[in-house]
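Chemist: Residue numbers (the working numbering), protein chains in the order written: chain A, -16 to 292; chain B, -16 to 292.
No residue lacks a Cβ here, since even glycine has one placed at the ideal position from N, Cα and C.
On a predicted model such as this, the values are computed, not experimentally measured, just so you know.
Pasting a structure here, questions to come.
Number of protein chains: 2
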Amino acid sequence: MPCQRPANQPIFLGVVGDSAAGKSTLARGIAAILGNDRVAVLQADDYHRHGRAERRQLNLTPLAPEANHLDILEQHLCLLRRGQPILKPVYDHATGTLRPSERLEAKPVVIVEGLLAYHSRGMRDCFDVKVFVEPDESLRTSWKLARDCAQRGYSLDEARQSMERRAEDSAAHIQPQRSFADIVVRFAPTTEDSSLLDARHLLRPTLAHPDLGPVLDAGGKGGFQLALARDSDGKPVDMLDISGRIEPRRAKAVEDLLWSLIPEASHPRAPLGRFTDTEGQDRTSHSLALSQLLITYHLVKAAFGLAPR
Amino acid sequence: MPCQRPANQPIFLGVVGDSAAGKSTLARGIAAILGNDRVAVLQADDYHRHGRAERRQLNLTPLAPEANHLDILEQHLCLLRRGQPILKPVYDHATGTLRPSERLEAKPVVIVEGLLAYHSRGMRDCFDVKVFVEPDESLRTSWKLARDCAQRGYSLDEARQSMERRAEDSAAHIQPQRSFADIVVRFAPTTEDSSLLDARHLLRPTLAHPDLGPVLDAGGKGGFQLALARDSDGKPVDMLDISGRIEPRRAKAVEDLLWSLIPEASHPRAPLGRFTDTEGQDRTSHSLALSQLLITYHLVKAAFGLAPR
């Protein structure tokens, strides 16, 4: 029996993964579906302990737990969960420096994006839905080089060196958090057209997933598939694959079905599936849109204690 | 029967009063007596919501509650009281701007200096000992003009205008907090020698004050007097007056007696009673030293649940 939540306790979504894994892109669409005024987004990168120059001197990457105020992040998650505002630190990615702190008010939904937000038991216990994003590595590399050079003032060489320095910390500290996720999302370029994204979802039994039977029928065999599989750790999972080449008509039918499962879907349809490709072009991906809707379903379900349909 | 405190719960001292009332000067000596490594000092000015320029645009003084993150200050006091570290905002008085946040670890004693730290019930409940500092207004004016010009980049005219703008907010928000204090300290220039400080202490019955009988004998009638009096609100108080002209020999005898009441006094004697006069000269005041010792007695008593002697 799902219990009623205490009034005013926000719903917490975690979106964790390596840098440039698409965390913000995924979160942005979910916030748009729920209504941006009802969502507080906390970027855990703000809890970096040092500026970029200081990290270099200390020979630390931002992926190292000790390079972050993780105890304070945990404290702030607990405060937000109790509906309290926080005064949070600010890390400016454009310059790689620390900035004056800023208020963040709790909202009905709190989305926490970060490298290490599942690092401690105390943090993990705050989340209602835990997503881990692990794109195909070649895709992540393209995204990261494009973003670091365009928005963060790195030269291409610096961005490449930064990725190499980070690889060890990523394996030691980021990847192990995958095992705590309810949903692992893997984006990969579609084989036939690398400008499209395939989206694979490992749906762990830690959440009650919706009955996707009607969705599968609507999606058709080509674009939308659910299969029983074993995860890399040998454990059983449902594996939901959405092809980047899913026909728009099919995608629309699946979207409609997912919207019908979300009782809060009274507001105008948000522009879902938006992302920026490695050329800097704004694009729309049906598979990304469906990922965003599926995750939103779980948030709304957590908020209202809906029985799975 | 005094109860034992929970282990690791810091002792909280509040030092509240208008700007340039001598809060830091008083607190500095107390921290030195207890050992600086065992004391965390939190300056509530760090919770100013705006920089100086922005306050001017908004026509706000820093004494207005809404010009401060008081809810966050209360939250941080509660966290420190539970022994947790905080990441606190930073206000730079030298430039009047907000700076990146900084960690503050809880210590066995936490001293909170500020304009508005008794503003809410939640904040007041955090303190073991609440001191309110209200110097003679002519003295405060000299201190404030001297400091604002020397350390905070104000011209003399700007500093004067700032005091005028603040007077209304001081009456509305700072002065009313006086009624919550256990001890009200009033410094005034000694009549016969304005380079010396007289210190008057209103000792409210909210704390169990030490038996000052032996102290009074040691101090002699000229320099150290205790009298039953009525406060400005008509309520009965003990009024302890320490003259700036107390003879060094007498002051030393009183200091020795107060030290003997502080069981933690095993560490080397700290340089007490240090202050900077309005000419910028470093001076030592016996009356200030005795104030610092008296307040420290109460902190140690709160820590160890000592019965009053």
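Sorted by chain position, which residues of the same chain lie with C-beta nearer than 6 angstroms to glutamine 134 of chain A's C-beta, five sequence neighbours on each side aside?
Modeler: If we look at glutamine 134 of chain A and ignore the five residues flanking it on each side, it has no Cβ neighbours.
Chemist: Of the residues A/Leu98, A/Arg32, A/Thr259, A/Leu(-4), which one's Cα is nearest the Cα of alanine 155 of chain A?
Modeler: A/Leu98
Chemist: Within 7 angstroms (strictly less), CB to CB, does leucine 70 of chain A reach chain B?
Modeler: yes
Chemist: Can you name the residues that DSSP bridges to histidine 31 of chain A?
Modeler: A/Asn51
Chemist: Kindly list, in the order they appear in chain A, the residues whose Cβ is closer than 8 angstroms to that of isoleucine 55 of chain B.
Modeler: Pro68, Ile69, Leu70, Arg86
Chemist: For arginine 169 of chain A, I'd like the list of residues in its chain whose CB is within less than 6 angstroms of its CB, leaving aside the five on either flank, ordered along the chain.
Modeler: Glu117, Arg183.
Chemist: Just how far apart, CA to CA, sit lysine 113 of chain B and glutamine 275 of chain B?
Modeler: 13 angstroms
Chemist: For proline 219 of chain B and proline 188 of chain B, what's the separation of their Cα atoms in angstroms?
Modeler: 9 angstroms
Chemist: If you measure from the beta carbon of arginine 65 of chain B to each beta carbon in chain A, is any gap under 7 angstroms?
Modeler: In terms of beta-carbon proximity, arginine 65 of chain B stays away from the interface with chain A, with every pair separated by 7 angstroms or more.
Chemist: Taking the alpha carbon of aspartate 108 of chain A as the point to measure from, which residue in A/Gly79, A/Glu57, A/Asp75, A/Lys90 has its own alpha carbon closest?
Modeler: A/Glu57
Chemist: Nearest CA to the CA of proline 83 of chain B: which residue from A/Pro72, A/Leu179, A/Arg39?
Modeler: A/Pro72
Chemist: What does the alpha-carbon distance come out to for the pair valine 24 of chain A and valine 95 of chain A?
Modeler: Those two C-alpha atoms are separated by around 6 angstroms.
Chemist: Identify whether glutamine 208 of chain A lies in helix, strand or coil by the three-state DSSP scheme.
Modeler: strand
Chemist: Please give the ranges of any alpha helix (DSSP H) in the region 84 to 159 of chain A, keeping only runs that are unbroken, at least 4 residues long and fully inside the region.
Modeler: 104 to 107, 120 to 134, 139 to 152
Chemist: Would you call serine 249 of chain B buried or exposed, if buried means 16 or more other Cβ atoms sit within 10 Å of its Cβ?
Modeler: At serine 249 of chain B, the pLDDT of 49 sits below 50, so the modelled position is not reliable and the matter cannot be decided from this model.
Chemist: Go through its chain and collect everything with a Cβ distance to glutamine 26 of chain A's Cβ below 6 angstroms, but skip five positions before and after it.
Modeler: The beta carbon of glutamine 26 of chain A is closer than 6 angstroms to those of Glu96 in its chain, skipping five residues each way along the sequence.
Chemist: Hey, is histidine 52 of chain B's beta-carbon within less than 7 angstroms of any beta-carbon in chain A?
Modeler: yes
Chemist: Please decide whether arginine 82 of chain B counts as near chain A, where near means a Cβ-Cβ distance under 7 angstroms.
Modeler: At least one beta carbon of chain A lies nearer than 7 angstroms to the beta carbon of arginine 82 of chain B.
Chemist: Do you know how far the Cα of proline 254 of chain B is from the Cα of alanine 15 of chain B?
Modeler: Going from the Cα of alanine 15 of chain B to the Cα of proline 254 of chain B covers about 7 angstroms.
Chemist: Pop quiz: proline 45 of chain A and arginine 38 of chain A are said to be a contact at Cβ under 8 angstroms. What is the actual Cβ separation, rounded to whole angstroms?
Modeler: 7 angstroms
Chemist: Which residues bound the alpha helix (DSSP H) around alanine 15 of chain A?
Modeler: 6 to 17
Chemist: In the DSSP output, which residue or residues are listed as bridge partners for valine 167 of chain B?
Modeler: Valine 167 of chain B is bridged to B/Phe115, B/Leu185.
Chemist: Leaving out five residues on either side along the sequence, give the residues of the same chain with a beta carbon under 8 angstroms from the beta carbon of alanine 285 of chain A.
Modeler: Arg(-12), Ile(-6), Asp111, Val112
Chemist: In this structure, does DSSP put leucine 81 of chain B in helix, strand or coil?
Modeler: In the displayed model, leucine 81 of chain B falls within a strand according to three-state DSSP.
Chemist: Spatial neighbours of cysteine 132 of chain A within its chain, please: CB distance less than 8 angstroms, with the 5 preceding and 5 following residues excluded, ordered by chain position.
Modeler: Ser138, Leu139, Ala142
Chemist: So what does glutamine 26 of chain B bridge to, in DSSP terms?
Modeler: B/Glu96
Chemist: With threonine 279 of chain A as the anchor, note down where its alpha helix (DSSP H) starts and where it stops.
Modeler: 269 to 287
Chemist: Beta-carbon separation of valine 283 of chain A and isoleucine 225 of chain A under 7 angstroms?
Modeler: no
Chemist: If you follow the beta strand (DSSP E) that lysine 71 of chain A is part of, which residue opens it and which one closes it?
Modeler: 69 to 75
Chemist: Can you tell me whether glycine 206 of chain B is buried or exposed? The criterion is at least 16 other CB atoms within 10 Å of its CB, across all chains shown.
Modeler: Classification of glycine 206 of chain B: buried, given that the 10 Å Cβ count is 16 or more.
Chemist: Got a sec, what are the start and stop residues for the alpha helix (DSSP H) leucine 240 of chain A sits in?
Modeler: 231 to 244
Chemist: Can you list, in chain order, the residues of its chain with a C-beta nearer than 6 angstroms to that of arginine 149 of chain B? Leave out the 5 residues immediately preceding and following it.
Modeler: The residues Thr44, Leu46, in chain order, have a CB closer than 6 angstroms to that of arginine 149 of chain B in the same chain once the five nearest residues on each side in sequence are set aside.
Chemist: Cα-Cα, which of A/Thr124, A/Ala212, A/Asp194, A/Tyr280 is closest to threonine 261 of chain A?
Modeler: A/Thr124
Chemist: Compare the beta carbon distance of phenylalanine 258 of chain B and serine 243 of chain B with 7 angstroms and say whether it is the shorter of the two.
Modeler: Contact flag unset, no.
Chemist: What are the residues that DSSP puts in a beta bridge with threonine 173 of chain B?
Modeler: According to DSSP, which records beta bridges pairwise, threonine 173 of chain B is partnered with B/Asp176.
Chemist: Rounded to whole angstroms, what is the Cα-Cα separation between aspartate 239 of chain A and glycine 5 of chain A?
Modeler: 24 angstroms
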